[in-house]
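Peer 1:
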Amino acid sequence: DVKVTQSSRYLVKRTGEKVFLECVQDMDHENMFWYRQDPGLGLRLIYFSYDVKMKEKGDIPEGYSVSREKKERFSLILESASTNQTSMYLCASSLFGAQGAYTQYFGPGTRLTVL
Amino acid sequence: DQQVKQNSPSLSVQEGRISILNCDYTNSMFDYFLWYKKYPAEGPTFLISISSIKDKNEDGRFTVFLNKSAKHLSLHIVPSQPGDSAVYFCAASARAGGTSYGKLTFGQGTILTVHP
Numbered sequence: 008d009v010k011v012t013q014s015s016r017y018l019v020k021r022t023g024e025k026v027f028l029e030c031v032q033d034m035d036h037e038n039m040f041w042y043r044q045d046p047g048l049g050l051r052l053i054y055f056s057y058d059v060k061m062k063e064k065g066d067i068p069e070g071y072s073v074s075r076e077k078k079e080r081f082s083l084i085l086e087s088a089s090t091n092q093t094s095m096y097l098c099a100s101s102l103f104g105a106q107g108a109y110t111q112y113f114g115p116g117t118r119l120t121v122l
Numbered sequence: 009d010q011q012v013k014q015n016s017p018s019l020s021v022q023e024g025r026i027s028i029l030n031c032d033y034t035n036s037m038f039d040y041f042l043w044y045k046k047y048p049a050e051g052p053t054f055l056i057s058i059s060s061i062k063d064k065n066e067d068g069r070f071t072v073f074l075n076k077s078a079k080h081l082s083l084h085i086v087p088s089q090p091g092d093s094a095v096y097f098c099a100a101s102a103r104a105g106g107t108s109y110g111k112l113t114f115g116q117g118t119i120l121t122v123h124p
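One line per chain: the protein sequences are A and B, in this order.
Residue 95 in my numbering is what sits at position 88 of the first sequence, and the numbering runs on without skipping anything.
Residue 78 in my numbering is what sits at position 70 of the second sequence, and the numbering runs on without skipping anything.
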């Protein structure tokens with residue numbers, strides 16, 4: 008059974024803190040993605056990675072960075088957390104190539120609150 | 009610029025009836041479409057997909073219809089069940105290749121409530 012896990016389900020941080028969100032997948036997928044979900048806005052892509060040490064900006068990368076040192080792990084970093092980064096953060100992974108590249112598998116999400 | 013739009017924020021349906029969720033897109037490069045279902049406090053789960061070479065795909069109670077000329081897709085759930093109550097997202101992808109890497113563009117979501 009496919010599995011994507013995220014390090015925390017709920018997180019509360021203060022403005023200005025550096026925040027790390029971790030995601031691990033056990034499906035040997037090449038592609039990994041970070042989204043945020045906000046009411047009325049759907050899922051918006053922050054960053055994605057198609058290989059170890061490779062990363063590409065998504066639609067809303069400002070204020071975020073990522074790290075992928077191992078194939079199974081993709082980290083999202085909030086360099087200096089702000090209140091407008093309060094959101095649900097979702098990690099996903101998918102296979103590379105052919106039809107498999109389209110179906111993404113999601114983790115349970117991290118609800119981040121920045122005070 | 010919202011390339012995938014779900015114009016109905018919510019839909020309420022009686023158990024046993026049909027639920028129809030709609031989605032419109034603007035990017036003519038999109039050639040693969042998916043529907044995801046999301047319960048509160050869980051990640052989205054894949055439901056059903058359709059390639060642009062088809063106009064219909066069926067999986068049990070779920071059917072997705074694609075009208076390419078109208079740039080419109082819809083998800084039909086028949087019969088609807090209370091356990092179908094969730095947020096439904098449509099998503100679209102341009103053909104993987106180059107640097108697309110299977111990126112998905114999601115709609116805003118529609119909250120479906122099925123009443124017993």
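Heads up, the beta-carbon is just placed ideally off N, CA and C, and yes, glycines get one too.
Does chain A have any CB closer than 8 Å to the CB of B/K111?
Peer 2: Yes, B/K111 lies at the interface with chain A (some Cβ there is under 8 Å from its Cβ).
Peer 1: Report yes or no: do three or more beta-carbon pairs, one from the segment 46-53 of chain B and one from the segment 18-28 of chain B, lie closer than 8 Å?
Peer 2: No: fewer than three Cβ pairs fall under 8 Å.
Peer 1: Pull the bridge partners of B/A94 from the DSSP assignment, please.
Peer 2: B/L120, per the DSSP bridge assignment.
Peer 1: Taking the straight line between their C-alpha atoms, what separation do you get for A/K77 and A/L48?
Peer 2: Those two C-alpha atoms are separated by around 31 Å.
Peer 1: Please state the DSSP three-state secondary structure of A/T93.
Peer 2: Note: A/T93 maps to coil in three-state DSSP.
Peer 1: Could you name the residues of the same chain whose beta carbon sits closer than 6 Å to that of A/V73, not counting the 5 residues immediately before and after it, in chain order?
Peer 2: These residues qualify, in order along the chain: Y54, K62 and L83.
Peer 1: Identify the contact partners of A/S124 in chain B, using a Cβ-Cβ distance below 8 Å as the criterion.
Peer 2: Residue 124 of chain A cannot be examined here, being either before or after the span of chain A that is shown, 8 to 122.
Peer 1: Does B/L120 have its Cβ less than 8 Å from a Cβ in chain A?
Peer 2: No - not a single Cβ of chain A is within 8 Å of the one on B/L120.
Peer 1: If you follow the beta strand (DSSP E) that B/I81 is part of, which residue opens it and which one closes it?
Peer 2: Looking at the sequence provided, one finds Leu at residue 81 of chain B rather than Ile. H80 to I85 is the span of the beta strand (DSSP E), which, as asked, contains B/L81.
Peer 1: For a quick check, are the C-beta atoms of B/Y40 and A/Y42 less than 8 Å apart?
Peer 2: Not a contact, by the Cβ cut-off of 8 Å.
Peer 1: Say whether chain A places a C-beta atom closer than 8 Å to the C-beta of B/F114.
Peer 2: Interface residue, yes.
Peer 1: What residues from chain B crowd round A/Q111, counting only those whose CB sits closer than 7 Å?
Peer 2: Ordered by position in chain B, the residues that pass the 7 Å Cβ test against A/Q111 are L112.
Peer 1: Please report how far the alpha carbon of A/C30 lies from the alpha carbon of B/D32, in whole angstroms.
Peer 2: Straight-line Cα distance between these residues: approximately 31 Å.
Peer 1: Can you find the residues in the same chain that come closer than 6 Å, C-beta to C-beta, to B/T71, ignoring five residues on each side of it along the sequence?
Peer 2: Correct list, in chain order: H84.
Peer 1: Round the Cβ separation of B/N15 and B/N30 to the nearest angstrom and send it over; I've been treating them as touching at under 8 Å.
Peer 2: 7 Å between Cβ atoms; contact.
Peer 1: Compare the C-beta of B/G117 with all C-beta atoms of chain A and state if any pair is closer than 8 Å.
Peer 2: With 8 Å as the cut-off, B/G117 counts as an interface residue toward chain A.
Peer 1: Near A/Q32, what residues of its chain come up, given a Cβ to Cβ distance below 6 Å and the 5 sequence neighbours on each side ignored?
Peer 2: Closer than 6 Å at the Cβ level, and outside the excluded window around A/Q32, lie V11, E79 and S100.
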